[in-house]
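Numbering follows UniProt numbering, in which position 163 of the sequence shown is assigned residue number 163; successive positions increment by one, without gaps. Beta carbons: idealized from backbone N, C-alpha and C, even for Gly. Here's the structure we're looking at; comments come further down.
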Amino acid sequence: MYTEVKDAEGRITAIQTDEPARDILDNPLINKGTAFNAEERKALGLYGHLPTRVESMQSQVQRVYRQFQSKNCPIEKNIFLNTLHDSNTTLFYKFCSQHVDEVLPIVYTPTVGDAVEAYSTDFRRPSGVYLSYNNREYMDEVLSSFTTRQIDFIIVTDGEAVLGIGDWGVGGMDISIGKLMVYIICAGINPARVLPIQLDVGTNNPKLLDDPLYLGSQHKRVDGEEYDAYIEQFVKCVEKNFPNVYLHWEDFGRGHARSILEKYRPQLCTFNDDMQGTGIVATANVIAAIEATKTQFRDHRVVMFGAGTAGCGIMDQILDAFVDSGMSREEALERFYIIDRNGLIVDDMEDLPDFQKKFARNRGELADWEVSDTANITLTEVVANSGATILIGCSTVKGAFTNEILRQMGKNTRFPVIMPLSNPTANSEAEPKDVIEQTEGRAIMAAGSPFDPVEYQGKTYQISQGNNAFIFPGLGLGAIAVKATAVSDGMIRAASQTLSSFSPLHDSPDNPVLPPIHDAPKVSKAVAIAVGQQAVKEGLSSMKAEVDDVEKLVELAQWQPNYIPVRR
């Protein structure tokens, strides 16, 4: 066991432990490795357990970087970094903070997708909390065992809709872990106060069901009333054991993500990155593009290809931005089109989910459209007939934005906004090279995964990654800094507006839509302050903070990856 020694403002100044020497070195949250100084080595009984030389942290970072560079491929680098994280957490985050550009694509998208698929075959050690439906009677006992330390953050997944690669069951744990790493790298959440959780309710992936090495429950997914009751049990246990926690839902399937968020959002501080985070970033991009091109919201038509949880979540938030610009909700909805596997969503279609209905087009208004099949109006036909100026993809259909569609977008408007957001890279709706070439270099583009710059007619185009890492870390930090009781729509809009203000587009429409990813920590702090201030304004701060207090509260809530004294 160890305890944190804090000063009057709550900053951690030392670690006090009664653990034996070997356990100290095996505890990643307090281990310093070769950086334990002579005084600590004597007091903690570490002589003989470490090489003689006492190193500086920066020397350790240099060694880590050399080892990192020696790895031959992204998945090897991912394994190396996770091993470092599990042995010396502070050193891991110090290294990451100095190499954000190189590290984020390794610990999160796109490489984490490969790690998820190989979770059972490459398994090394358990990390986080595994809650099995088959052992649900032990859920409260398991979670209560973590109440000996303060938990500010929980990320939970059931692994049903991982990134763009689908159902990977218990392998979803790597998504929760990777996401928490991004929270800590970008926003400075304290790694001792986070908890990744995997809800193991089975899998419908035939590959996993037939794999003798699969580590999860090897049966079809629990669903229906049984699933709902299990989620209810989980939420009650979380509220009981961690009453002030920020609960982040990650990669739940289309049939559950929205209903879970809508049910529990009124009663606890909770967030779904797939529904809300992606929408915040996409909305920020749209706001920045409209402002930079000196157009009006009412001049634009928005087409979404992929009408699932993420797609409609994005459209909900862009719709709010259109309404905030001065339009009525009805006027704004006239400018939105969503498309799924059955074509354009139209109001006479049967069994439309509630979240799609508001975007369904009236069949009568399409009478003059030129289409080959009125029962299945294609993306190509929608882009041509609607005069689309903003095209977004959340379909995971590689190459769905054909050259014909891209050229049409370039005809519809001078600066088309094109965002193929599906990830990983192999599922992107368009290659940046095609987007740039087919729109003659005029497209304002963001992609869901990282891409190399594009050379076109003597100019280099930097491709922005529409990375939620610009949003969810700061949103979470702002919420915990003021002890928010909920994540409101106002807090989400504050995050989106803040991110849009960092867009390089404000300097020139030729610039990338988003800042470079190494600016994510700076953006996250600004987002946290804006979100915290909005929470205070709405009366959602349980600590009764004032708006002027928020910046300091955010700074106090941030953990820094620096070694602090460890003593008996």
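Checklist entry - Is the Cβ-Cβ distance between Leu81 and Pro424 less than 8 angstroms? => result Inclusion of Leu81 and Pro424 in the CB contact set at 8 angstroms is not warranted, their separation being larger than that value.
Item to check | Completely contained alpha helix (DSSP H) runs for the stretch 99-162, where each covers 4 or more residues | outcome: With a minimum length of 4 residues, the continuous alpha helix (DSSP H) runs that stay inside the stretch 99-162 are 100-107, 111-117, 139-144.
Next on the checklist: Check for me: the beta strand (DSSP E) holding His248 runs from which residue to which?
Outcome noted: Note, His248: beta strand (DSSP E), 246-249.
Checklist entry - So what does DSSP say about Pro420, is it helix, strand or coil? => result Note: Pro420 maps to strand in three-state DSSP.
Next on the checklist: Please identify the residue among Asp273, Arg41, Pro243, Ala495 whose C-alpha is closest to the C-alpha of Ala257.
Outcome noted: Among Asp273, Arg41, Pro243, Ala495, the Cα nearest to that of Ala257 is on Asp273.
Next on the checklist: On the criterion of 16 or more Cβ atoms from any shown chain inside 10 Å, does Glu404 qualify as buried, or is it exposed?
Outcome noted: The residue is exposed, with fewer than 16 neighbouring Cβ atoms inside 10 Å.
Item to check | Residue environment, Asn78, which counts as buried when at least 16 other CB atoms sit within 10 Å | outcome: In the assembly as shown, Asn78 is a buried residue. Its beta-carbon has 16 or more other beta-carbons within 10 Å.
Checklist entry - Looking at C-alpha atoms only, which residue of Phe336, Asp167, Gly311 is the closest neighbour of Lys207? => result Of the candidates Phe336, Asp167, Gly311, the one whose C-alpha sits nearest the C-alpha of Lys207 is Asp167.
Item to check | Per-residue DSSP class, three states only, for Asp200 | outcome: DSSP, read as helix, strand or coil, puts Asp200 in strand.
Item to check | N-terminal and C-terminal residue of the alpha helix (DSSP H) that Glu239 is part of | outcome: From DSSP, the alpha helix (DSSP H) with Glu239 extends over 224-241.
Item to check | Alpha carbon of Met1 to alpha carbon of Thr17, nearest angstrom | outcome: Distance between the alpha carbons of Met1 and Thr17: 6 angstroms.
Next on the checklist: Let's see if you can read the secondary structure: which residues bound the beta strand (DSSP E) around Gln16?
Outcome noted: From DSSP, the beta strand (DSSP E) with Gln16 extends over 12-17.
Next on the checklist: If you reduce the DSSP assignment to three classes, tell me which class Val487 lands in.
Outcome noted: Annotated three-state conformation of Val487 is coil, per DSSP.
Item to check | Beta-carbon gap between residue 569 and Gly466 smaller than 8 angstroms | outcome: Past the edges of the chain, shown from 1 to 568, lies residue 569, and the structure says nothing about it.
Item to check | Span of the alpha helix (DSSP H), counted from its first residue to its last, around Leu44 | outcome: Here the alpha helix (DSSP H) through Leu44 covers 38-44.
Next on the checklist: So, for Arg53: in the same chain, excluding its five sequence neighbours on each side, which residues have a beta-carbon less than 6 angstroms away from its beta-carbon?
Outcome noted: Closer than 6 angstroms at the Cβ level, and outside the excluded window around Arg53, lies no residue.
Checklist entry - Are the CB atoms of Asp140 and Cys237 nearer to each other than 8 angstroms? => result Yes, Cβ-Cβ distance for Asp140 and Cys237 is below 8 angstroms.
Item to check | For Thr380, the nearest candidate out of Asn31, Met409, Gln497 (CA to CA) | outcome: For the options Asn31, Met409, Gln497, the alpha carbon positioned closest to that of Thr380 is the one of Met409.
Checklist entry - CA-CA distance, Asp210 and Arg341? => result Using only the alpha carbons, I get a separation of about 29 angstroms.
Item to check | Whole-angstrom distance between Pro565 and Asp320, CA atom to CA atom | outcome: Asp320 and Pro565 have their alpha carbons spaced roughly 49 angstroms apart.
Item to check | Close-in-space but distant-in-sequence residues of the same chain around Pro521 (CB under 6 angstroms, 5 per side omitted) | outcome: By the criterion of a C-beta distance shorter than 6 angstroms, Pro521 is surrounded in its chain by Cys186, once the five residues flanking it on both sides are discounted.
Checklist entry - On the premise that Ala469 lies in contact with Ile517, defined as a C-beta separation below 8 angstroms, what is that separation, rounded to the nearest angstrom? => result With a Cβ gap of about 7 angstroms, Ile517 and Ala469 count as contacting.
Checklist entry - Applying the criterion that 16 or more other CB atoms from any shown protein chain within 10 Å of the CB defines a buried residue, is Asn72 buried or exposed? => result Of the residues assessed, Asn72 falls on the exposed side of the cut-off, its CB having fewer than 16 other CB atoms within 10 angstroms.
Checklist entry - Start and end of the alpha helix (DSSP H) containing Glu76? => result Its alpha helix (DSSP H) spans residues 74-85.
Item to check | Gly490 vs Glu551 beta-carbon contact at 8 angstroms | outcome: The answer is no: Cβ separation not under 8 angstroms.
Checklist entry - Could you give the uninterrupted runs of the alpha helix (DSSP H) lying entirely in the stretch 322-354, keeping only those of 4 residues or more? => result You should have 329-333.
Item to check | Minimum C-alpha distance to Gly474 - residue among Leu104, Gln558, Gln317 | outcome: Comparing Cα-Cα distances from Gly474 to each of Leu104, Gln558, Gln317, the minimum goes to Gln558.
Checklist entry - For the putative contact between Asp200 and Val170, defined by C-beta atoms under 8 angstroms, what is the C-beta separation to the nearest angstrom? => result Between Val170 and Asp200 the Cβ distance is about 5 angstroms, and since that is below 8 angstroms, they are a contact.
Next on the checklist: Pop quiz: Val303 and Tyr337 are said to be a contact at Cβ under 8 angstroms. What is the actual Cβ separation, rounded to whole angstroms?
Outcome noted: About 5 angstroms separates the CB atoms of Val303 and Tyr337; that is less than 8 angstroms, so the two are in contact.
Checklist entry - With 16 other CB atoms within 10 Å as the buried threshold, where does Met543 fall? => result The residue is exposed, with fewer than 16 neighbouring Cβ atoms inside 10 Å.
Item to check | Residues of its chain near Glu437, where Cβ-Cβ distance is below 7 angstroms and the 5 sequence neighbours each way are ignored | outcome: Within the same chain, Glu437 has close Cβ partners Tyr456.
Next on the checklist: Spatial neighbours of Val142 within its chain, please: C-beta separation below 7 angstroms, excluding the five flanking residues on both sides.
Outcome noted: Only Val129, Leu131 meet the Cβ criterion.
Next on the checklist: For the stretch 281-299 against the stretch 501-509, do three or more pairs of beta-carbon atoms, one drawn from each stretch, fall closer than 8 angstroms, so that the two count as touching?
Outcome noted: Between the stretch 281-299 and the stretch 501-509, the count of Cβ pairs shorter than 8 angstroms is three or higher; the stretches touch.
Next on the checklist: Quick check on Ile217: buried or exposed, where buried means 16 or more other Cβ atoms within 10 Å of its Cβ?
Outcome noted: The question names Ile, yet the displayed sequence has Ser at residue 217. Buried, by the Cβ-count rule.
Item to check | Under 8 angstroms between C-beta atoms of Ala495 and Val531 | outcome: Yes. Within cutoff.
Checklist entry - CA-CA distance, Lys357 and Lys411? => result Roughly 30 angstroms between the two C-alpha positions.
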